[in-house]
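Note sheet for the following structure.
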Amino acid sequence: MARITASVFTSHVPAIGAALDLGKSAEPYWQPVFQGYEYSKLWMKDNRPDVVFLVFNDHATAFSLDMIPTFAIGTADEYAVADEGWGPRPVPKVIGHADLASHIAQSVIQQDFDLTIVNRMDVDHGLTVPLSLMCGQPQAWPCPVIPFAVNVVQYPVPSGQRCLNLGKAIRKAVESYDEDLNVHIWGTGGMSHQLQGPRAGLINREFDNAFLDRMVSDPEGQAAVPHINYVREAGSEGIELVMWLIARGAMSDLAGGPAPVVKHRFYHVPASNTAVGHLILEDKA
Ligand code: DHB
Ligand code: FE
Numbered sequence: 007m008a009r010i011t012a013s014v015f016t017s018h019v020p021a022i023g024a025a026l027d028l029g030k031s032a033e034p035y036w037q038p039v040f041q042g043y044e045y046s047k048l049w050m051k052d053n054r055p056d057v058v059f060l061v062f063n064d065h066a067t068a069f070s071l072d073m074i075p076t077f078a079i080g081t082a083d084e085y086a087v088a089d090e091g092w093g094p095r096p097v098p099k100v101i102g103h104a105d106l107a108s109h110i111a112q113s114v115i116q117q118d119f120d121l122t123i124v125n126r127m128d129v130d131h132g133l134t135v136p137l138s139l140m141c142g143q144p145q146a147w148p149c150p151v152i153p154f155a156v157n158v159v160q161y162p163v164p165s166g167q168r169c170l171n172l173g174k175a176i177r178k179a180v181e182s183y184d185e186d187l188n189v190h191i192w193g194t195g196g197m198s199h200q201l202q203g204p205r206a207g208l209i210n211r212e213f214d215n216a217f218l219d220r221m222v223s224d225p226e227g228q229a230a231v232p233h234i235n236y237v238r239e240a241g242s243e244g245i246e247l248v249m250w251l252i253a254r255g256a257m258s259d260l261a262g263g264p265a266p267v268v269k270h271r272f273y274h275v276p277a278s279n280t281a282v283g284h285l286i287l288e289d290k291a
């Protein structure tokens with residue numbers, strides 16, 4: 007059967023993609039950011055998954071105010087890299103895993119989560135920047151990716167509890183897939199940031215580090231935190247962090263197994279307008 011063996015959590019700051027694409031990653035401003043992912047790139051090579059289930063948010067690129075799915079699963083064979091205003095990033099197209107994605111859609115919908123099925127979608131920095139941070143600049147991404155888009159842009163957004171429970175359902179879905187596949191689940195977005203209004207530029211290190219602590223050892227407690235607390239303490243775009251709970255909910259401790267092992271933890275301010283946070287958790291074999 008397929009198994010989820012690890013979860014990865016990371017910010018998706020678009021300027022990180024631009025820094026990489028324009029060859030600026032060694033500059034003094036960016037060097038500490040990319041330094042924090044050196045271990046992660048080695049870990050990806052040593053622990054190469056067969057599939058990444060990548061929870062991310064679209065930024066009004068594939069979707070718009072015309073249509074706002076709360077949870078959307080990509081069931082396509084491939085996904086083009088979106089043009090976000092400066093042309094598409096010069097990164098490989100994203101190869102999907104239509105068979106596993108369709109199986110997860112079937113299972114998760116039958117577990118009473120309403121997913122939107124997406125057969126065509128361009129993917130923006132929400133998906134490509136985490137891939138770049140974890141995989142560097144390869145000719146092709148190392149494995150197929152199932153994009154899972156969550157609405158955290160237009161209110162109402164899903165609660166932390168619903169995200170955690172969805173993660174649990176995704177774990178069950180993966181474990182009921184016949185083929186032997188090593189699946190990693192990624193939660194992306196965050197950390198604290200606000201891009202508009204009088205509080206633009208808000209960063210809250212205390213909130214972010216407490217969030218990282220609770221992602222490791224108290225995900226149930228974090229899931230009980232209402233969305234308004236994210237907005238008040240982590241800024242209007244800090245709500246992106248709720249997506250991390252989907253990936254965290256898919257770890258084995260929440261299905262009665264042992265606590266995951268923390269392989270890597272990183273936090274840095276600033277990167278563009280946000281704090282960068284990153285965790286790698288492995289399930290004990
Ligand atoms: C920035 C951060 C984001 O998460 C985003 O989607 C767009 C911009 C920023 O830091 O500028
Ligand atoms: Fe964002």
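Number 165 in this note's numbering belongs to position 159 of the sequence shown; there are no gaps in the numbering. The C-beta atom is built at its ideal place from N, Cα and C for all residues, glycine as well. All values reported here derive from a predicted model rather than from experimental measurement.
key: Helix, strand or coil at His284 according to DSSP, with G and I counted as helix   = It is a strand residue.
query = How many angstroms separate the CA atom of Gln167 from the CA atom of Lys174?
reply = Gln167 and Lys174 have their alpha carbons spaced roughly 11 Å apart.
ask   = Can you round the beta-carbon distance between Gly80 and Val14 to whole angstroms, since I take them to be within the 8 Å contact cut?
value = Taking 8 Å as the upper bound for CB-CB distance, Gly80 and Val14 are not in contact here, some 18 Å apart.
ask   = Beta carbon of Val321: closer than 8 Å to some heavy atom of the ligand DHB?
value = Within the shown structure, residues of the chain are numbered from 7 to 291, placing residue 321 beyond reach of any answer.
request  = Please confirm if the segment 174 to 188 is in contact with the segment 253 to 266, defined as three or more CB-CB distances below 8 Å between the two stretches.
outcome  = Yes, they touch.
request  = Leaving aside the five residues before and after Asp27 along the sequence, list all residues of the same chain whose C-beta is less than 7 Å from its C-beta, in chain order.
outcome  = Here Asp27 has Arg95 and Pro96 as same chain residues with Cβ atoms under 7 Å from its own Cβ, once five neighbours each way along the sequence are excluded.
task = Can you tell me which of Arg220, Met50 and His199 puts its alpha carbon nearest to the alpha carbon of Ile245?
result = Taking Ile245 as reference, the option from Arg220, Met50 and His199 with the minimal CA-CA separation is His199.
message = Tell me the rounded alpha-carbon separation between Ile234 and Asp214.
response = Spanning the two alpha carbons is a distance of roughly 15 Å.
task = Give, in chain order, every unbroken run of the beta strand (DSSP E) that is at least 3 residues long and sits entirely within the segment 104 to 140.
result = Runs found: 122 to 124.
inquiry  = What residue range does the alpha helix (DSSP H) around Ile22 cover?
reply    = Unbroken alpha helix (DSSP H) run through Ile22: Pro20 to Asp27.
As assigned by DSSP and simplified to three states, the class of His233 = Three-state result, His233: helix.
request  = For Leu172, verify whether its CB is less than 8 Å away from any heavy atom of the ligand DHB.
outcome  = No, Cβ of Leu172 sits at least 8 Å from all heavy atoms of the ligand DHB.
key: Length-filtered (4 minimum) alpha helix (DSSP H) runs lying within the segment 35 to 80   = Taking only runs of at least 4 residues, the alpha helix (DSSP H) segments lying wholly in the segment 35 to 80 are 37 to 41 and 44 to 52.
key: As assigned by DSSP and simplified to three states, the class of Pro276   = Looking at Pro276 - three-state DSSP - the assignment turns out to be strand.
inquiry  = Going by the DSSP bridge assignment, what does Asp89 pair with across the sheet?
reply    = Here Asp89 is bridged, per DSSP, to Pro94.
inquiry  = Under 8 Å: do the segment 208 to 223 and the segment 74 to 88 share three or more Cβ pairs, one atom per stretch?
reply    = Judged by Cβ distances under 8 Å, the segment 208 to 223 makes no contact with the segment 74 to 88, as fewer than three pairs qualify.
task = Tell me the start and end of each unbroken alpha helix (DSSP H) in the segment 236 to 265 that is at least 4 residues and wholly inside, in chain order.
result = Here the runs fully enclosed are 250 to 255.
request  = With Ala179 as the anchor, note down where its alpha helix (DSSP H) starts and where it stops.
outcome  = Counted as a single uninterrupted DSSP element, the alpha helix (DSSP H) harbouring Ala179 occupies residues Gly166 to Glu181.
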